[in-house]
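Undergrad: Numbering (UniProt numbering), first residue to last: 1 to 110. Pasting in a structure now, in structure tokens, and then I'll have a few things to ask.
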């Protein structure tokens, strides 16, 4: 039986909002300033009327020392934004024009 899904997203962004206690050996994205960046991301998505872009806060994405981290699906592209301007560039380039921001892409090695 097909599911009645009211909306699908062209892009779905997952943002790590993990907060660990100060001094925790793994650190956390929140401790590295993630929350203001994710607020900026939400404001930009809403401000541009990108109803086909979903955004979700997550727990740990697993690469704590590299944070703050976000991943954009369906492409599976990982970003490590550091400034509000980085967020603006990701929105304008990737989320609006489907062009990943290569200088901000985090390359994962196995």
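C-beta atoms are modelled at their ideal positions from N, C-alpha and C, and glycine is treated no differently. Bear in mind that the values here come from a model prediction, so they are computed numbers and not experimental data.
Which residues mark the beginning and the end of the alpha helix (DSSP H) in which residue 47 is found?
TA: Where residue 47 is concerned, the enclosing alpha helix (DSSP H) stretches over 34 to 47.
Undergrad: Specify, as a first and last residue, the run of the alpha helix (DSSP H) that residue 77 falls within.
TA: Careful: residue 77 lies outside any alpha helix (DSSP H), inside the beta strand (DSSP E) at 77 to 79.
Undergrad: Just confirm the distance between the C-beta atoms of residue 107 and residue 79, as a whole number of angstroms; I'd bet it's less than 8 Å.
TA: Going by Cβ atoms, the distance from residue 107 to residue 79 rounds to 11 Å, so no, they are not a contact pair.
Undergrad: Under three-state DSSP, which class holds residue 29?
TA: Reduced to three states, the DSSP call for residue 29 is coil.
Undergrad: What's the C-alpha gap between residue 101 and residue 36?
TA: Taking the straight line joining both Cα atoms gives about 20 Å.
Undergrad: Select from 18, 91, 40, 57 the residue whose C-alpha is nearest the C-alpha of residue 67.
TA: The residue with the shortest Cα to Cα distance from residue 67 is 18.
Undergrad: Expressed to the nearest angstrom, what Euclidean distance is found between the alpha-carbon atoms of residue 81 and residue 54?
TA: Whole-angstrom Cα-Cα distance: 18 Å.
Undergrad: What number of angstroms, rounded off, separates the C-alpha of residue 8 from the C-alpha of residue 46?
TA: Cα to Cα, residue 8 sits roughly 16 Å from residue 46.
Undergrad: I'd like to confirm the pairing. Which residues does DSSP put opposite residue 58 in its beta bridges?
TA: Bridge partners of residue 58: 16.
Undergrad: What number of angstroms, rounded off, separates the C-alpha of residue 16 from the C-alpha of residue 97?
TA: C-alpha separation (whole angstroms): 23 Å.
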